[in-house]
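Chains as they are written, first to last, in the working numbering: chain A, 67 to 215; chain B, 30 to 387.
Ideal Cβ placement from N, Cα and C applies to all residues, glycine included.
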Amino acid sequence: MMSEPQEIIPIEKNELVGMVAELFAEGYRLVQICCTTLQSSYELNYSFDKGYRFKNLRITVSPDEEIPSITAVYHNAFLYENEIHDLFGLPVKNIAIDYHGTLFRIAISKPFSIENVKVPEPPRPKPEEPKQDTEAVAEHTDGHEPQTA
Amino acid sequence: MHKNIIPFGPQHPVLPEPIHFDLVTEDEKIIDAIPSISYVHRGLERLVEKRDYIDFVHIADRICGLCSFMHSLGYCQAVEQVMAVEVPERALYLRTIWAELSRIHSHIFWLGVAADAFGFESLFMQCLRLRESVLNIFEETTGARVILAVCKVGGVRRDIDADTLKGIVNRMTATRSMLEEVSNVFISDYSIQHRLSGVGVLSREDAYTLGCVGPMARASGLHLDMRTLGYAAYKYLDVEPVVESAGDCYARCLVRIRENYHSIDLIRQAVEKIPEGPVEVKVKGAPNGEYFSRVEQPRGEVIHYVKGNGSRFLQRFRVRVPTFSNIPSMIKMLKGSELADVPNIILTLDPCISCTER
């Protein structure tokens, strides 16, 4: 298994633009912005790369919470931010090229929003089985039901 | 000067798939271009709610016809990484061979479509004839020509015997000599040079800051090739990114031509080094964690993000395809260009709308 080191840095929303500007100054390129629907919030990963070093800034926002645009720093972020607005319904403030909800021509409004996405339930831990006398059980596992006197 | 807005697409002779541009022009010069996508958005990412992580490989396979195998490879790598699955070495080599064959057939197809776009129809036919040899190998080794469905979580579904592997190398060597003849036309024909040289120039700095990937980035002088990360069996092979410096349509054409030769060489290396052994391992449990898998598609870096919470259904699957990443640089190239050059500029991006409309 070949594992590429990947760094995920959780940050606050108000730190986002400043940290993105620092990464730009350090020579990182914007690889993508990925939004994930959680049970009651959204997780945004801003991915950057420099010399094959993969770094992610992560913010978590609640529904309808406004996100600052990073297009002033990385102009190419406008497609990702319009995508987040159209598919997840999150408002993004000051996008350089704002399609106002017309980038994605889709029949369902905000298809990836909390109301529409069914987040899978994690598996429930199995209940502990009552302790048994294993030796006694083993004696009666020869294909016959244990008989009582 | 008076400005006109000229609609380009979604239906256009050079566009096999729908994408639209509003071209703002002054006389014959483009001063701005506003793209519109999602004419055929499919919402495949949300199908993780309906298919478990094992079945979902078949959805990943169907994101695109030209890079079908690359999508299933990227998805499987992401899941395997989350679940710490050790894929057998032979499977890694087989994945590499199919991936490089996919790159060759995609690049040859692009050469043909490009030839057709600038009116060289006989060259288009020659390119598609060459591509047929790769599709025949797909059919013989996987049973399919487009959607290969051969990659799975934990390895691959089919093995290739030693004789067939040698046969692949021999056939690709023959294809190479025929490809050289066709490529010579692209490289030295006056009309082609006239249409492509100095057109749609993208500087190295712009390519980097606008997030350009793949042959587009490498034609502008960027050494950016995810195969150097060493996924699959690339860590055992001599991968050397093919780089040009002019940054114009002609340079993008040259990069794809030279990458064909490099891919043929990588297949030869892989066949020489492939070890014996199993081609898959049994996978138990369900993914609990997240990973960004980065793979070099024919069009550039693709990212498959997988997040699971221990359920057999993934919490999130996302694909960031190279075309989506290359659109901002395409806008940059279109600005300042002549209206007659727009089809060539868009074509040298090699846009894959099928991938973009995942």
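- Query: Using a C-beta cutoff of 8 angstroms, does P76 (chain A) count as contacting chain B?
  - Reply: Residue contact with chain B for P76 (chain A): absent (no Cβ-Cβ distance below 8 angstroms to any residue of chain B).
Exercise for the section: Starting from F321 (chain B), find everything on chain A with Cβ-Cβ shorter than 7 angstroms and list it in chain order. Expected result: Simply Q72, S113 and F120.
- Go ahead and pull the three-state DSSP assignment for D145 (chain B). Three-state DSSP puts D145 (chain B) in a helix.
Q) When you compare each of B:F98, B:Y260, B:E78 and B:A248 to A236 (chain B) by their alpha carbons, which one comes out closest? A) Residue nearest to A236 (chain B) within the set B:F98, B:Y260, B:E78 and B:A248 is B:A248 (criterion: CA-CA distance).
Any Cβ of chain B within less than 8 angstroms of the Cβ of P188 (chain A)? Closer than 8 angstroms to some Cβ of chain B, the Cβ of P188 (chain A) qualifies, so yes.
Other residues of its chain near I75 (chain A): CB distance less than 6 angstroms, five sequence neighbours each side excluded:
Within the same chain, I75 (chain A) has close Cβ partners L123.
Please report whether the beta-carbon of S226 (chain B) lies at a distance below 8 angstroms from any beta-carbon of chain A. Answer no: the Cβ-Cβ gap between S226 (chain B) and chain A never drops below 8 angstroms.
How many Å lie between V108 (chain B) and V182 (chain B) at the Cα?
V108 (chain B) and V182 (chain B): Cα-Cα distance of roughly 7 angstroms.
Q) Which bits of chain B does K184 (chain A) rub up against, with CB to CB less than 8 angstroms? A) Taking a Cβ-Cβ threshold of 8 angstroms, the residues of chain B close to K184 (chain A) are E78, in chain order.
**OP:** Quickly, what does DSSP pair G184 (chain B) with across the bridge? List them, please.
**Re:** DSSP, once it has assigned bridges, lists B:K181 and B:E309 as partnering G184 (chain B).
**OP:** Compare the C-beta of A204 (chain A) against all C-beta atoms of chain B and say whether one is closer than 8 angstroms.
**Re:** Here A204 (chain A) scores only 45 on pLDDT, less than 50, and its place in the model should not be relied on; the value that follows carries that caveat. Chain B contact via Cβ: absent.
* Local conformation of N182 (chain A) per DSSP, three classes -> Coil.
| task | Tell me whether the beta-carbon of E46 (chain B) lies closer than 8 angstroms to the beta-carbon of S383 (chain B). | result | In this structure, E46 (chain B) places its C-beta atom within 8 angstroms of the C-beta atom of S383 (chain B).
List, in order along the chain, the chain B residues whose C-beta lies closer than 8 angstroms to that of P193 (chain A)?
Those do not exist, as P193 (chain A) stays about 17 angstroms from chain B at its closest Cβ, beyond 8 angstroms.
Cβ of V218 (chain A) within 8 angstroms of any chain B Cβ
The structure shown has nothing for residue 218 (chain A), since chain A only spans 67 to 215.
Spatial neighbours of L368 (chain B) in its chain, beta-carbon cut-off 8 angstroms, leaving aside the 5 residues before and after:
I35, L52, T54, E57, K58 and I59, listed in sequence order.
- Message: Using 8 angstroms as the threshold, is the C-beta distance between F154 (chain A) and F170 (chain A) below it?
- Response: Cβ distance not < 8 angstroms, so F154 (chain A) and F170 (chain A) don't count as in contact.
* Cβ pair G329 (chain B), A246 (chain B) closer than 8 angstroms -> Yes, they are a contact pair.
Can you give, in chain order, each stretch of the alpha helix (DSSP H) that sits fully within the segment 201-233 of chain B and has at least 4 residues?
-> Counting only runs of 4 or more, we get 219-225.
Exercise. Are T377 (chain B) and R281 (chain B) touching if we call contact CB-CB under 8 angstroms?
Worked result: Taking 8 angstroms as the Cβ cut-off, T377 (chain B) and R281 (chain B) qualify as a contacting pair.
> Taking Cβ to Cβ, would you say I374 (chain B) is nearer than 8 angstroms to G229 (chain B)?
Replying inline: Cβ distance < 8 angstroms, so I374 (chain B) and G229 (chain B) count as in contact.
So with Cβ pairs under 8 angstroms, would you call P357 (chain B) a contact of chain A?
Using a Cβ-Cβ cut-off of 8 angstroms, P357 (chain B) counts as an interface residue toward chain A, since at least one Cβ of chain A sits closer than that to its own.
* To do: Would you verify that the beta carbon of F342 (chain B) is, or is not, closer than 8 angstroms to some beta carbon of chain A?
  => Look at F342 (chain B): its C-beta is under 8 angstroms from a C-beta on chain A.
Handout entry: Distance CB(Q326 (chain B))-CB(M99 (chain B)) smaller than 8 angstroms
Key = With contacts defined as CB atoms closer than 8 angstroms, Q326 (chain B) and M99 (chain B) qualify as a contacting pair.
Handout entry: Beta-bridge partners of R119 (chain A), as assigned by DSSP
Key = Per DSSP, A:K116.
N-terminal and C-terminal residue of the beta strand (DSSP E) that Q72 (chain A) is part of
Per DSSP, Q72 (chain A) belongs to the beta strand (DSSP E) from Q72 to P76.
**Prompt:** What are the residues of the segment 56-72 of chain B that lie near chain A, defined by any Cβ-Cβ distance shorter than 8 angstroms?
**Reply:** Of all residues in the segment 56-72 of chain B, those with a C-beta nearer than 8 angstroms to a C-beta of chain A are I63, S65, I66, S67, Y68, H70 and G72, reading in chain order.
_Under 9 angstroms by beta carbon: chain B residues contacting L219 (chain A)_ = Residue numbering for chain A in the displayed model covers 67 to 215; residue 219 (chain A) lies beyond these limits and cannot be assessed.
Notebook entry, point to check: What are the start and end residues of the alpha helix (DSSP H) that includes F353 (chain B)?
Noted result: Looking at the DSSP string, the run of the alpha helix (DSSP H) that includes F353 (chain B) is P351 to L363.
Notebook entry, point to check: Under a three-way DSSP split, which group does C278 (chain B) fall into?
Noted result: C278 (chain B) falls in the helix class under three-state DSSP.
Counting beta carbon pairs with one atom in the segment 354-366 of chain B and one in the segment 80-96 of chain B, are three or more of them shorter than 8 angstroms?
At 8 angstroms Cβ cutoff, the stretches do not touch.
**Message:** For E168 (chain B) and V242 (chain B), what's the separation of their Cα atoms in angstroms?
**Reply:** Taking the straight line from one Cα to the other gives about 30 angstroms.
Q. Just reading off the beta strand (DSSP E) that T102 (chain A) is part of, what are its end residues?
A. Going by DSSP, T102 (chain A) is part of the beta strand (DSSP E) stretching over R95 to T103.
Within chain A, the residues that I332 (chain B) reaches when beta carbons sit closer than 9 angstroms:
Listed by position along chain A, the residues whose Cβ is nearer than 9 angstroms to that of I332 (chain B) are V97, Q98, C100 and S113.
Problem set entry | Residue range of the unbroken beta strand (DSSP E) whose run includes L266 (chain B) | For L266 (chain B), there is no enclosing beta strand (DSSP E), as DSSP gives it neither H nor E.
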